[in-house]
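Q: The sequence shown begins at 19 in the numbering used here and counts up one residue at a time.
By construction, the Cβ of each residue, glycine as well, lies at the ideal position given by its N, Cα and C atoms.
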Amino acid sequence: MNDRFSKEYIEALAHKYRLGTLTPAEEADFESWYNNHSDDTFIHSDAENPDRAMRRMHRHIRRNTASTTIRRLRRWMPYAAAVLLVVTAASWLFFSDQFSQQMPAEKLVNAEDVAPGANRATLTLADGRTINLSSGHAGIVIADGITYLDGSAVLSESLSKGVGEELTSSQTHKLTLTTPKGGTYSITLPDGSQVWLNANSTLKYPSQFTGDVREVILEGEAFFAVSHQSSTTGKGPTADRGGLPARRLPFKVQTAGQTVEVLGTQFNVSAYTDDPETKTTLIEGKVKISNLKSHASNLLSPGQQATTRGAATQIRKVDTEPHTAWKEGLFYFDNIPSRKAIEQVARWYDLDVIYDGNTPETIVFGMIDRDKPLSAVLNALAKNGLKFEVTSSGERKELQVSGNR
């Protein structure tokens, strides 16, 4: 291969192309190289992310500068225009000299070094204060105050006193529990109901349940074990009121696309904002699913799953274990599309996913512990015709996915 088409030379041309300073001769060289190694995918799929687009261009250069045949074609110009549309947008400072010099270099990362998720969460109080919860504990309890599961205090003495007074006052306060990517945590609500949050999820709930309904708001995924509560005695299925049973208070889980209403039961809800589908899987008891767009309602029986997408809700019989295995520390891929499996892995190991080229859509089946290093999970997924590479750029890690060629 001619030295002038080395990786370093092509990268230099790419940089000058971004700045609009190519000479006619350099433009001809870049056109020749591009014709032989054009990659429409990285241009179009990253139109809203110039940082990622240019990192992908550099990866493309590294992978393809070994070619010895350079073809002179003019068909690259429409694609160059697409790139130019991205890189010259006035709202981006990406292509200024200063920003280009500050852009972090991409580095390969050993998947063995990517640790799995753990107990990580933040608690946001009614006044906006945020508390980083201890990774040495698995959950918190909301009662007269806020404690960890073993009864130890979450807050300092001075802060705990003020919050405790809020929690025991007649006024209801809004609290928020949030897990990041790579985090999980549980919470026992004021009525005794338990909730386990999966990675990258948020649960909003009141400091105490009042009125005729118990209601929480979920973004992400959570497993619920809802306790029975009556309208007259608080906890407990019945009350002595002239010999008549007390009315049980419903428990509602609000998501962006649906409402789940129960009395006392166990179920899992997956309602990530980047997933157009909301899945509710019933383990025991009964729940009512209400579609917020169509206003249609469906009753679920144990072993059934409701999938809500837009105004449509589909009910089917499922094996519930794959949908709740995360709570037990497992990835359980039960004949699901590989992209769905990779989404779960990316949330748990805190990765951004990039699909390079024509990645095959395969069906994945298998089970593996979530406490394994990333490499163990990727090795298992690689048996499905996939190839992985982990890189870091700045503070983020990227999982590049392609097919085995």
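Within 10 angstroms of its Cβ, does T331 collect 16 or more other Cβ (buried), or is it exposed?
A: In the sequence shown, residue 331 corresponds to position 313, counting from 1. Result: buried.
Q: Alpha carbon to alpha carbon, how far is R266 from V397? Give it in angstroms, no decimals.
A: Counting from one through the sequence shown, the residue named residue 397 turns up at place 379. Counting from one through the sequence shown, the residue named residue 266 turns up at place 248. Note on identity: in this sequence residue 397 is Asn, with Val being the wrong assignment. Their backbone Cα atoms lie some 49 Å apart in a straight line.
Q: Rounded to a whole number of angstroms, what is the C-alpha to C-alpha distance between W366 and A133?
A: Along the sequence shown, read from residue 1 onward, the residue named residue 366 stands at position 348. Along the sequence shown, read from residue 1 onward, the residue named residue 133 stands at position 115. Taking the straight line joining both Cα atoms gives about 9 Å.
Q: Helix or strand or just coil, what does DSSP make of L167?
A: In the sequence shown, residue 167 corresponds to position 149, counting from 1. Coil at L167, not helix or strand.
Q: Would you mind sorting A329 into buried or exposed? The rule is 16 or more other CB atoms within 10 Å of its CB.
A: Counted from its first residue, the sequence shown places residue 329 at position 311. A329 is exposed by the Cβ-count criterion.
Q: Reducing DSSP to helix, strand and coil, say where V287 ends up.
A: On the sequence shown, position 269 is the one that residue 287 refers to. In this structure, V287 counts as strand in the three-state DSSP scheme.
Q: In or out: D64 buried (at least 16 other Cβ within 10 Å) or exposed?
A: Counting from one through the sequence shown, the residue named residue 64 turns up at place 46. Per-residue confidence for D64 stands at a pLDDT of 39, beneath the threshold of 50, marking its modelled position as unreliable; the derived number appears in the next sentence. With 16 or more Cβ atoms within 10 Å of its Cβ, D64 is classed as buried.
Q: Measuring only the C-alpha atoms, how far is T206 from G375?
A: Along the sequence shown, read from residue 1 onward, the residue named residue 206 stands at position 188. Along the sequence shown, read from residue 1 onward, the residue named residue 375 stands at position 357. If I take the Cα positions, the gap works out to 45 Å.
Q: With a threshold of 6 Å on Cβ separation, who are the neighbours of R327 within its own chain once the five nearest residues in sequence on each side are excluded?
A: Against the sequence shown, residue 327 aligns to sequence position 309. These residues qualify, in order along the chain: P294 and E295.
Q: Entirely within the segment 222-253 and at least 3 residues each: give me those beta strand (DSSP E) ranges in chain order.
A: As far as the segment 222-253 is concerned, its whole beta strand (DSSP E) runs of at least 3 residues are 232-243.
Q: Within 10 Å of its beta-carbon, does D337 have 16 or more other beta-carbons around it, so buried, or fewer, so exposed?
A: For the purposes of this step, residue 337 is taken as residue 319 along the sequence shown, with counting starting at 1. Exposed is the call here.
Q: Count Cβ pairs between the segment 304-321 and the segment 342-361 that sit closer than 8 Å; are there 3 or more?
A: No contact exists between the segment 304-321 and the segment 342-361.
Q: Three or more beta-carbon pairs under 8 Å between the segment 188-199 and the segment 141-154, yes or no?
A: Yes: at least three Cβ pairs fall under 8 Å.
Q: Do you know how far the Cα of Q226 is from the Cα of D368?
A: Sequence index remark: in the sequence shown, residue 368 carries index 350 (1-based). Sequence index remark: in the sequence shown, residue 226 carries index 208 (1-based). The alpha-carbon atoms of D368 and Q226 are separated by roughly 33 Å.
Q: Taking the alpha carbon of V280 as the point to measure from, which residue in V231, R414, K297 and L236 has its own alpha carbon closest?
A: Position 262 of the sequence shown, counting from 1, holds the residue named residue 280. It is V231 whose Cα lies nearest to the Cα of V280.
Q: Does DSSP put R89 in a helix, in a strand, or in coil?
A: For this step, residue 89 is matched to residue 71 along the sequence shown. In this prediction, R89 scores a pLDDT of 34, lower than 50, which makes its location untrustworthy; the coordinate-derived value is nonetheless stated afterwards. The answer is coil: DSSP assigns R89 none of H, G, I, E or B.
Q: Considering only residues of the same chain and omitting the five flanking positions on each side of R335, which have a CB-CB separation below 7 Å?
A: Here the question's residue 335 lines up with position 317 in the sequence shown. It is worth fixing the name first, because residue 335 is Lys in this sequence and not Arg. Correct list, in chain order: G321 and Q322.
Q: The alpha helix (DSSP H) spanning S153 covers which residue range?
A: Taking the first residue of the sequence shown as 1, we reach residue 153 at position 135. Neither: S153 is in no alpha helix (DSSP H) and is coded neither H nor E.
Q: Give the DSSP bridge partners of A324, in chain order.
A: Here the question's residue 324 lines up with position 306 in the sequence shown. Answer is T298 and I333.
Q: Under 8 Å: do the segment 235-251 and the segment 385-397 share three or more Cβ pairs, one atom per stretch?
A: Contact between the segment 235-251 and the segment 385-397 is absent, because fewer than three Cβ pairs lie under 8 Å.
Q: In chain order, which continuous runs of the beta strand (DSSP E) of length 3 or greater are located wholly inside the segment 334-372?
A: Segments of the beta strand (DSSP E) lying fully in the segment 334-372: 348-355.
Q: Exposed or buried, T228, counting other C-beta atoms within 10 Å across all chains shown (16 or more means buried)?
A: One-based indexing of the sequence shown puts residue 228 at position 210. Exposed is the call here.
Q: A364: beta carbon under 7 Å from a heavy atom of the ligand ZN?
A: Ligands in the displayed structure: none, and consequently the ligand ZN is not present.
Q: Give me the Cα-Cα distance between E361 and S411, rounded to the nearest whole angstrom.
A: To locate residue 361, count along the sequence shown from 1; it is residue 343. To locate residue 411, count along the sequence shown from 1; it is residue 393. Each residue's Cα considered, the two are about 20 Å apart.
Q: Return yes when the Cβ of T197 is within less than 8 Å of the Cβ of A139, no when it is not.
A: Position 121 of the sequence shown, counted from the start, is the residue given in the question as residue 139. Position 179 of the sequence shown, counted from the start, is the residue given in the question as residue 197. Closer than 8 Å, so yes.
Q: In chain order, what residues of the same chain lie with their CB nearer than 7 Å to the CB of E233, ignoring the 5 residues before and after it?
A: Locating residue 233 in the sequence shown gives position 215, where the first residue counts as 1. Around E233: K270 and Q272.
Q: Put A136 into one of helix, strand or coil per three-state DSSP.
A: For the purposes of this step, residue 136 is identified with residue 118 of the sequence shown, where counting begins at 1. DSSP places A136 in strand when its eight states are reduced to three.
Q: Since I381 sits in a beta bridge, which residues does DSSP pair it with?
A: Numbered from 1 along the sequence shown, position 363 holds the residue referred to as residue 381. Note: I381 sits in a beta bridge opposite P355.
Q: What residue range does the alpha helix (DSSP H) around N397 cover?
A: In the sequence shown, residue 397 corresponds to position 379, counting from 1. First-last of the alpha helix (DSSP H) with N397: L392 to A400.
Q: Inspect the beta-carbon positions of T277 and E302 and report whether they are closer than 8 Å.
A: Locating residue 277 in the sequence shown gives position 259, where the first residue counts as 1. Locating residue 302 in the sequence shown gives position 284, where the first residue counts as 1. No, these two residues do not count as a Cβ contact at 8 Å.
Q: Measure from the alpha carbon of V172 to the alpha carbon of each residue in A156, L151 and T220, then state which is nearest.
A: Residue numbering aside, residue 172 sits at position 154 when the sequence shown is read from its first letter. The shortest Cα separation from V172 among A156, L151 and T220 belongs to L151.
Q: Figure out for me which residue from K401, E346 and T409 has the closest Cα to the Cα of I372.
A: Residue 372 sits at position 354 when you count from the first residue of the sequence shown. Nearest of K401, E346 and T409 to I372, Cα basis: T409.
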